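Okay, structure first, notes after.
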Amino acid sequence: NQYRKETGATILFASHDMREVELLCDEVLLMRKGRLVERGSPKDLLAKYDHDTLEQVFLQVNRGEVER
């Protein structure tokens, strides 16, 4: 975060851990099967979907359950 603040750079951070996303990201792009399905701040996404729903999306990816 300090680097981003000092330089104004945009940083792309890919994660399957919603806790990391909440701590590090200002904006989230949620993809499913290679397509963008949602965009917003971590706070907005958690308000729209319950934590369990988002966690299931991340767990599916972590367990390799995503259709290829």
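Everything in the sequence shown is counted per my numbering, starting at 4 for the first residue and increasing by one. Even glycine gets a Cβ: it sits at the ideal position worked out from N, Cα and C. Source: prediction; values computed, not measured.
Spatially closest choice to residue i from the options, by CA coordinates
{"i": "Gln-5", "options": "Arg-38, Leu-27 and Arg-22", "result": "Leu-27"}
{"i": "Ala-17", "options": "Glu-9, Leu-32, Lys-36 and Thr-56", "result": "Leu-32"}
{"i": "Asp-29", "options": "Met-21, Lys-36 and Asp-55", "result": "Met-21"}
Nearest-angstrom beta carbon gap, residue j and residue i [assumed within contact, 8 Å]
{"i": "Glu-58", "j": "Pro-45", "result": "Between Pro-45 and Glu-58 the Cβ distance is about 13 Å, and since that is not below 8 Å, they are no contact."}
Distance between residue j and residue i (C-alpha atoms, nearest Å)
{"i": "Asp-53", "j": "Gly-37", "result": "22 Å"}
{"i": "Asp-55", "j": "Leu-15", "result": "24 Å"}
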